[in-house]
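The numbering of the sequence shown is this note's numbering, which starts it at 299 and goes up by one.
Beta carbons: idealized from backbone N, C-alpha and C, even for Gly.
No experiment lies behind these values; they were computed from the predicted model shown.
So the structure is just underneath, and the comments pick up after that.
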Amino acid sequence: MERLRTPDENFEGLSGFDFAPHYADVADPSGGEALRMAYLDEGPRDGQTVVLLHGEPSWSYLYRFMIRGLVEAGHRVVAPDLIGFGRSDKPSERKEYTYARHVGWVRELLFDQLELHDVTLFARTGAA
Numbered sequence: 299m300e301r302l303r304t305p306d307e308n309f310e311g312l313s314g315f316d317f318a319p320h321y322a323d324v325a326d327p328s329g330g331e332a333l334r335m336a337y338l339d340e341g342p343r344d345g346q347t348v349v350l351l352h353g354e355p356s357w358s359y360l361y362r363f364m365i366r367g368l369v370e371a372g373h374r375v376v377a378p379d380l381i382g383f384g385r386s387d388k389p390s391e392r393k394e395y396t397y398a399r400h401v402g403w404v405r406e407l408l409f410d411q412l413e414l415h416d417v418t419l420f421a422r423t424g425a426a
């Protein structure tokens, strides 16, 4: 699968968004090289975990104000950039973006790699 990657310098200096990015490799369902999926992981590791999922056409930047308040309240906040958005890799072919693939990529990141459990999910669809 061919993919695009937005250069990191494009994300420098964003107002209110000084969070450190984290990256994980998630499987390419077609068997090619893994895709890089970006996510934020803020707050205490032993706090109740809140997962913030964005919709189209946004990315984790959508939650820049919520993250601070949740962390101040003692929560761990994980906010992935879905594949195709924000700092995550972007497959170049439209056919690569399926619901099943997005579910698989998010599952792999949150539950297989980060080993999260007992999370509170907040999801927003549409633009900010």
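Beta-carbon separation (whole angstroms), residue i vs residue j, contact threshold 8 angstroms
{"i": "ARG362", "j": "GLY314", "result": "5 angstroms"}
{"i": "HIS373", "j": "VAL401", "result": "In fact, because the Cβ distance is near 24 angstroms, the residues do not count as touching under 8 angstroms."}
{"i": "VAL324", "j": "ALA318", "result": "Going by Cβ atoms, the distance from VAL324 to ALA318 rounds to 19 angstroms, so no, they are not a contact pair."}
{"i": "ARG399", "j": "PRO327", "result": "6 angstroms"}
{"i": "ALA377", "j": "SER390", "result": "That pair is no contact at about 25 angstroms."}
{"i": "GLY330", "j": "MET299", "result": "5 angstroms"}
Which listed residue (the options) has its alpha carbon closest to that of residue i
{"i": "ARG301", "options": "LEU412, ARG422 and PHE383", "result": "PHE383"}
{"i": "LEU419", "options": "LEU368, GLU331 and SER356", "result": "LEU368"}
{"i": "ASP339", "options": "LEU408, ASP326 and ALA421", "result": "LEU408"}
{"i": "TRP403", "options": "ARG303, GLU307 and TYR321", "result": "TYR321"}
{"i": "PRO283", "options": "GLY330, ARG334 and PRO327", "result": "Absent from the model: residue 283. The displayed extent of the chain is 299 to 426, so no value can be given."}
{"i": "HIS415", "options": "ASP344, ARG303 and ALA371", "result": "ASP344"}
{"i": "TYR397", "options": "GLN411, ILE381, LEU412 and ASP410", "result": "ILE381"}
Own chain, CB closer than 6 angstroms to residue i, minus 5 neighbours either side, in chain order
{"i": "ALA421", "result": "LEU351"}
{"i": "ASP379", "result": "ALA336, TRP357, SER358, ARG385 and SER386"}
Counterpart residues of residue i in DSSP-defined beta bridges
{"i": "ASP323", "result": "ARG334"}
{"i": "ARG301", "result": "PRO389"}
{"i": "ALA421", "result": "LEU351"}
Beta-carbon proximity list for residue i, same chain, < 8 angstroms, skipping 5 on both sides
{"i": "THR423", "result": "GLY353 and GLU354"}
Sequence-distant residues of its chain with Cβ nearer than 7 angstroms to residue i (five each side left out)
{"i": "TYR395", "result": "GLY382 and PRO389"}
{"i": "GLN411", "result": "ALA322"}
Query - Length-filtered (3 minimum) beta strand (DSSP E) runs lying within the stretch 340 to 390 - result: 347 to 351 and 374 to 378
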